[in-house]
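In what follows, a structure is listed as structure tokens, so that the remarks can point back to it.
Number of protein chains: 2
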Amino acid sequence: MGETHRSGCPINLTLEVLGDRWSLIVIRDVMFGNRRHYRELLNRSEERIASNILADRLKRLVAAGLLARRDDPSHQQKAIYSLTEPAIQLVPLLAHMGAWGRRHTPVTPELAIRAQLLEEGGPPLWEAFMAELRTIHLGAPMRGPSILADLQAAFEAEMVRQGRPDGR
Amino acid sequence: MGETHRSGCPINLTLEVLGDRWSLIVIRDVMFGNRRHYRELLNRSEERIASNILADRLKRLVAAGLLARRDDPSHQQKAIYSLTEPAIQLVPLLAHMGAWGRRHTPVTPELAIRAQLLEEGGPPLWEAFMAELRTIHLGAPMRGPSILADLQAAFEAEMVRQGRPDGR
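Here is the structure:
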């Protein structure tokens with residue numbers, strides 16, 4: 001890596017790679033929402049990311065080696081984005097971020113339920129989830145139950161409980 | 001909290017509170033470097049933070065409830081900054097950030113040694129470190145050995161090993 005870094009501190013370098021907050025929001029949506037195409041990432045964004053910001057962050061994340069972009073064989077003229085191994089290893093970081101947010105910020109129940117399950121499941125659940133992400137994004141063989149399906153089911157149940165069964 | 005948030009997702013809200021990367025750099029320096037005054041935070045910054053950015057981020061972190069600012073009784077006209085309980089609870093997040101950085105970015109040995117010890121120590125060490133930070137920053141009674149002293153000693157030993165005994 002020939003670039004200039006502000007320091008060799010691992011926390012600083014992690015922040016340099018992850019860039020601003022939108023980068024992690026995009027990774028979150030690819031990881032937990034399994035949103036793999038530009039249109040899904042744009043139209044289903046809870047935070048209403050702007051299209052120019054999304055395009056820029058996707059480009060940066062590919063350049064930083066956190067996302068891989070390839071043509072989607074099932075959609076002509078569409079690119080599909082996949083998490084790379086370094087991005088998959090952000091699961092514990094995102095789990096801790098969610099756990100901290102649940103304690104110290106005004107979260108909404110339906111958007112916090114997955115963070116709660118991840119926190120309660122702890123490292124064994126994170127490992128199983130990372131194994132599943134390797135299957136989905138890297139083509140590794142699947143082992144064990146689907147954590148993503150469990151998280152999605154919990155999210156949808158909480159949406160119904162909150163009176164928002166359409167999922168928005 | 002009457003502000004507008006982009007969504008109620010705990011990961012988004014955590015990113016909203018932590019703001020840009022400089023905020024976490026400042027928290028890191030207060031937490032691991034025990035830099036409590038503006039001048040120390042400015043002059044000893046490995047990343048050479050600009051004075052206007054530092055002043056702005058200190059103000060924001062106080063407003064967000066992550067730092068507390070009070071007059072330092074031992075220095076006239078000087079403010080001393082302390083971590084709040086929510087900031088102390090960022091220890092696991094910062095430990096994971098350091099662990100990820102050690103694996104996926106070009107860290108320098110002397111700035112990575114503390115991240116390594118935090119990773120190897122795992123949750124029991126983080127708990128002990130958080131207890132110590134509560135003593136230092138919140139005035140809680142001290143129990144057990146000083147993790148901060150251990151981390152600092154490991155950092156200084158690594159500095160000598162790397163031929164930089166002056167600590168810069």
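The listed protein sequences correspond, in order, to chains Z and P. Going by the working numbering, the first residue of the first sequence is number 1, and it counts up by one from there. Going by the working numbering, the first residue of the second sequence is number 1, and it counts up by one from there. For every residue, glycine included, the Cβ atom is placed at its ideal position computed from N, Cα and C.
Within the region 93 to 148 of chain Z, the alpha helix (DSSP H) runs of at least 4 residues that lie entirely inside it are, in chain order, 109 to 138. A distance of 8 Å or more separates the beta carbons of Z/MET142 and Z/LEU83.
Residue state for Z/SER51 is assigned as helix, using DSSP reduced to three classes. Burial of Z/ASP29 is indicated by the presence of at least 16 other C-beta atoms within 10 angstroms of its C-beta. The Cβ atoms of P/ILE49 and P/LEU58 lie no closer than 8 Å to each other. Interface annotation for the region 94 to 109 of chain Z against chain P: LEU94, ALA95, HIS96, MET97, GLY98, ALA99, TRP100, GLY101, ARG102, ARG103, HIS104, THR105, PRO106, VAL107, THR108, PRO109, criterion Cβ-Cβ distance under 9 Å. Under the Cβ criterion of 8 Å, P/LEU125 is not counted among the residues facing chain Z. Z/ASP20 carries a coil assignment under DSSP once its states are collapsed to helix, strand and coil. Counted as a single uninterrupted DSSP element, the beta strand (DSSP E) harbouring Z/LEU83 occupies residues 79 to 83. When C-alpha distances from Z/HIS137 are compared across Z/ASP20, Z/LEU24, Z/PRO86, the shortest belongs to Z/PRO86. At least one CB atom of chain P sits nearer than 8 Å to the CB of Z/ILE25. As the crow flies, the alpha-carbon of Z/GLY101 is around 26 Å from that of P/LEU148. About 14 Å separates the beta carbons of P/ILE88 and P/ARG36, which is beyond the 8 Å limit, so they are not a contact pair. Pairing P/GLN76 with P/ARG70, the inter-Cα distance amounts to about 12 Å. Taking a cut-off of 8 Å on C-beta distances, the region 106 to 114 of chain Z touches the region 5 to 23 of chain P, as three or more cross pairs fall below it. By a beta-carbon distance limit of 8 Å, Z/LEU117 contacts Z/ALA154. Their separation comes to about 6 Å. Linking Z/SER146 to Z/ARG134 through their CA atoms gives a straight-line distance of about 12 Å. Rounded to whole angstroms, P/PRO92 and P/PRO123 show a C-alpha spacing of 7 Å. Interface flag for P/ILE11 against chain Z is set, since a Cβ pair is found closer than 8 Å.
Counting the other Cβ atoms within 10 Å of the Cβ of P/SER23 gives 16 or more, which makes it buried. For P/ASP56, the secondary structure class from DSSP, reduced to helix, strand or coil, is helix.
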